[in-house]
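Note sheet for the following structure.
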Amino acid sequence: MPVLVGAATLAAVLLIGLSPRRAVSLPLYARQTGQPCATCHTAFWELTPFGRRFKLGGYTLGGGDWSGPPFAVTLQPGFTHTEVGQPGGAAPHFGQNNNITVQATSLYTGGRITDNLGAFIQGTYDNVSRRFGWDQADIRYADKVNVGDHNLLWGVTLNNNPTVQDVWNTLPAWRFPYIFSGLMPQPAASPFIAGPFAQRVLGLGAYGFLDDLLYFELSGYRPLSTNTQLVLGVDTTGFSPIVGIAPYWRVAIEPNFGNNSLEFGTFGLKSSVVPMGMSSAGNDSFTDIGVDAQYQYLGDPHTVTLRAAWIRENHRTGASQALGLADNSHDILRSLNASLSYIYDKTWSFTAGRLSVGGTADAALYGTFTGSPNSAGWITEIAYLPFSYGGPSFWPWLNARIGVQYTFFNKFNGATTNFNGVGRNAHNNNTLFVYTWIAF
Amino acid sequence: MPEESRSGLAPLSRRSLLQRVAGVAGAATILCAPPSLATGAPKISQKAVAYQDHPDGNKRCDKCIQFQPPNACKIVDGTISPQGSCRIFAPIRQAVSPSSATPRLSNSACSRMVRDLHDV
Chain G
1 MPVLVGAATL AAVLLIGLSP RRAVSLPLYA RQTGQPCATC HTAFWELTPF
51 GRRFKLGGYT LGGGDWSGPP FAVTLQPGFT HTEVGQPGGA APHFGQNNNI
101 TVQATSLYTG GRITDNLGAF IQGTYDNVSR RFGWDQADIR YADKVNVGDH
151 NLLWGVTLNN NPTVQDVWNT LPAWRFPYIF SGLMPQPAAS PFIAGPFAQR
201 VLGLGAYGFL DDLLYFELSG YRPLSTNTQL VLGVDTTGFS PIVGIAPYWR
251 VAIEPNFGNN SLEFGTFGLK SSVVPMGMSS AGNDSFTDIG VDAQYQYLGD
301 PHTVTLRAAW IRENHRTGAS QALGLADNSH DILRSLNASL SYIYDKTWSF
351 TAGRLSVGGT ADAALYGTFT GSPNSAGWIT EIAYLPFSYG GPSFWPWLNA
401 RIGVQYTFFN KFNGATTNFN GVGRNAHNNN TLFVYTWIAF
Chain L
441 MPEESRSGLA PLSRRSLLQR VAGVAGAATI LCAPPSLATG APKISQKAVA
491 YQDHPDGNKR CDKCIQFQPP NACKIVDGTI SPQGSCRIFA PIRQAVSPSS
541 ATPRLSNSAC SRMVRDLHDV
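Protein sequences, first through last, are from chains G and L. All residue numbers for the first sequence refer to our numbering, where the first residue is 1 and numbers rise by one. All residue numbers for the second sequence refer to our numbering, where the first residue is 441 and numbers rise by one.
Here's what the structure looks like:
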């Protein structure tokens, strides 16, 4: 039955695209710029050099003649199969295995508000957590100035997730996999910069892009109050609020030559936090420092992208230890994310990626049976983007990514076998995810 | 225990609902205003789109929808040669009768869509 439903979904999407039409990506930006998908994306969400500058320019660039309201919608119907079912269900309301769901429905708005002010604002109904809330948000003011012989694109960003403002597909908010199953088992540990603050903070930062080569940014993040988070539909469970202002920094260099685009950079986030919101024992603190690199070959019809980022987290957990939330007073966590994509004719995307996280054992902090945070695995994906050269006649801005993704775990929460103490092995969490990602 | 609590979903009070509605309405008021077609937005550098001052086969700037005669582009910075070309070339379509287009689109969007349909 699940296979039949998945095949029917695939067939339906193929059928509505009988004749090739104009390509799009996030359709509200395609309508604004008059440009096809492939201008900003190699295969969405991965950005091209043009897409990066469109974002750095505050999402304000025009060129199209659309005069309607700036909205777009995405849907993510998918089928999730794990090698062995998850006892108790993959999530509340879901079965142990072979689940089909439209896991996320998002509404986007933004684009150019004025010549220099623009936005990317996403609201999502998450059908796994059965929750509607704000998702990624990034509002920018940007302009260009000439300083002597130098050109500076500068801007200010107001956003709700450290790294959501970044323009390379190496940092956590926009890295591969661009889509994954919300019903897939997830490792217990991740650095603070890789998600725990998403949608729970507000950050204000200033950035510059000098001579189309050197990018630098300094931002500061503050936590949203619990009431504000609740109003915005955020799950506040387990939140460790930032104390004061958490600085975020980013420096990157992007040389472009011919069809080649390189990037090397560093980034980081540092803060004191109140562990789980319990202030009686004082504060913990952490420093995340990362390095990243990306290479893109942007030929026609061949595109190749290599992405890698490595993060080291230095976590002072004295307050957590006093509260019984950590065994150690100091932990180290390291994270690696690397992937290689080959994209043919903007239509077929083949990607292989390596994910790993590891560090000092701390059973109370990570909640793992082994005490270890170590997890590692591979992700492979084949995706078909049928509308890269055009949507169907009734809606030329329709876009879709139809993919088959397989995640293979070498290690999960500290062990290859029996990682949870009741006989579950890491490879039991291997996950097949068949999805259609529709945008219009 | 209600499902909403088990899943961590916040109870939606009338006050919260009003706050959400007010926030959405405010954002919509700002964002739904028709975007201006001003030219002040930061353009993209020539290097980022691999601009060259000679054609790439049939791809020539004066055949691109973004070209602004005599020597500019709506989205790429600097002086642009009509004989130039770049990575984001988007060809001008021949306009045809918009009668086949969906009535839900604006006239300008409709015209663009019809042009798009005849591109391939």
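All residues carry an ideal CB built from backbone N, CA and C; glycine is no exception.
Can you tell me which residues form a DSSP beta bridge with residue i?
{"i": "N283/G", "result": "Answer by DSSP bridge pairing: none, since N283/G is not bridged."}
{"i": "G353/G", "result": "S339/G and I379/G"}
{"i": "P531/L", "result": "C504/L"}
{"i": "H41/G", "result": "L47/G"}
{"i": "Y157/G", "result": "One point to set straight first is that residue 157/G is Thr, not Tyr, in the sequence displayed. Bridge partners of T157/G: R140/G and G205/G."}
{"i": "C513/L", "result": "F507/L"}
{"i": "S372/G", "result": "Answer by DSSP bridge pairing: none, since S372/G is not bridged."}
{"i": "Q122/G", "result": "Y108/G"}
{"i": "W437/G", "result": "R401/G"}
Taking C-beta to C-beta, are residue i and residue j nearer than 7 Å?
{"i": "W249/G", "j": "G265/G", "result": "no"}
{"i": "G358/G", "j": "N374/G", "result": "yes"}
{"i": "G63/G", "j": "T39/G", "result": "no"}
{"i": "V26/G", "j": "P70/G", "result": "The question names Val, but residue 26/G is Leu in the sequence shown. Contact: no."}
{"i": "F412/G", "j": "N429/G", "result": "yes"}
{"i": "I532/L", "j": "I484/L", "result": "no"}
{"i": "C37/G", "j": "S388/G", "result": "yes"}
{"i": "T351/G", "j": "N314/G", "result": "no"}
{"i": "A281/G", "j": "D292/G", "result": "no"}
{"i": "A43/G", "j": "W397/G", "result": "no"}
{"i": "A246/G", "j": "G367/G", "result": "no"}
Let me see if you follow: with CB-CB separation under 7 Å, is residue i close to chain L or not?
{"i": "F50/G", "result": "yes"}
{"i": "L269/G", "result": "no"}
{"i": "K55/G", "result": "no"}
{"i": "D115/G", "result": "yes"}
{"i": "T39/G", "result": "yes"}
{"i": "L153/G", "result": "yes"}
{"i": "N160/G", "result": "no"}
{"i": "K346/G", "result": "no"}
{"i": "T60/G", "result": "yes"}
State yes or no: is the beta carbon of residue i nearer than 7 Å to at least one beta carbon in chain G?
{"i": "A535/L", "result": "Any reading at A535/L must be qualified, since the residue scores a pLDDT of 44, below 50, and its modelled position is unreliable; no value is offered."}
{"i": "I532/L", "result": "no"}
{"i": "A512/L", "result": "no"}
{"i": "S525/L", "result": "no"}
{"i": "G480/L", "result": "yes"}
{"i": "V516/L", "result": "no"}
{"i": "I484/L", "result": "yes"}
{"i": "K487/L", "result": "yes"}
{"i": "Q506/L", "result": "yes"}
{"i": "I520/L", "result": "no"}
{"i": "P543/L", "result": "Residue placement at P543/L cannot be trusted, given a pLDDT of 30 that sits under 50; what the coordinates show is reported in the next sentence. Not an interface residue."}
Excluding the 5 residues flanking residue i on each side, which residues of the same chain have their C-beta closer than 7 Å to its C-beta?
{"i": "P275/G", "result": "S240, D284, A319, S320, L323 and L325"}
{"i": "Y141/G", "result": "G58, N116, L117, G155 and V156"}
{"i": "R200/G", "result": "P223, L224, Q229, V234 and F239"}
Excluding the 5 residues flanking residue i on each side, which residues of the same chain have their C-beta closer than 6 Å to its C-beta?
{"i": "E254/G", "result": "E263"}
{"i": "W168/G", "result": "E263 and Q294"}
{"i": "I289/G", "result": "G268 and R312"}
{"i": "G85/G", "result": "Q96 and N97"}
{"i": "D496/L", "result": "S525"}
{"i": "F365/G", "result": "Inspection of the sequence shows that residue 365/G is occupied by Leu rather than by Phe. The residues are A326."}
{"i": "S521/L", "result": "D493"}
{"i": "Q296/G", "result": "S261 and T305"}
{"i": "T163/G", "result": "L171, P172 and A173"}
{"i": "V401/G", "result": "A small correction: the amino acid at residue 401/G is Arg; Val does not occupy that position in the sequence shown. Once the five neighbours on either side are set aside, the close Cβ partners of R401/G are A383, L385 and W437."}
{"i": "F180/G", "result": "none"}
Please work out which residues of its chain come closer than 8 Å, Cβ to Cβ, to residue i, disregarding the five sequence neighbours upstream and downstream, and give them in chain order.
{"i": "P77/G", "result": "T9, I100, T101, V102, Q103, Y435, T436 and I438"}
{"i": "T519/L", "result": "N511 and A512"}
{"i": "T105/G", "result": "V73, T74, L75, Q76, T124, Y125 and N127"}
{"i": "A119/G", "result": "Y59, T109, G110, G111, I113, A137, D138, I139 and R140"}
{"i": "F132/G", "result": "G123, T124, Y125, D126 and G233"}
{"i": "G423/G", "result": "none"}
{"i": "N256/G", "result": "P49, D212 and L262"}
{"i": "T370/G", "result": "A361, A363, N413, G414, A415 and F419"}
{"i": "N328/G", "result": "T317, Q321, T360, D362 and L365"}
List the whole-angstrom C-beta distance separating residue i from residue j, where the pair is believed to meet the contact cut-off of C-beta under 8 Å.
{"i": "G244/G", "j": "S272/G", "result": "7 Å"}
{"i": "G414/G", "j": "S372/G", "result": "3 Å"}
{"i": "S219/G", "j": "G195/G", "result": "Not really, about 17 Å apart at Cβ, beyond 8 Å."}
{"i": "F197/G", "j": "G208/G", "result": "Contact flag wrong, Cβ pair sits at about 24 Å."}
{"i": "C488/L", "j": "I505/L", "result": "Here residue 488/L turns out to be Ala, not Cys, going by the sequence shown. So it is not a contact: roughly 19 Å between Cβ atoms."}
{"i": "Y406/G", "j": "L385/G", "result": "At roughly 19 Å, the Cβ-Cβ gap does not stay under 8 Å, so Y406/G and L385/G are not in contact."}
{"i": "S339/G", "j": "G353/G", "result": "3 Å"}
{"i": "Y178/G", "j": "W45/G", "result": "5 Å"}
Name, please, each residue of chain B whose Cβ falls closer than 9 Å to the Cβ of residue i.
{"i": "D138/G", "result": "As a matter of chain content, chain B is missing from the structure shown, whose protein chains are G and L."}
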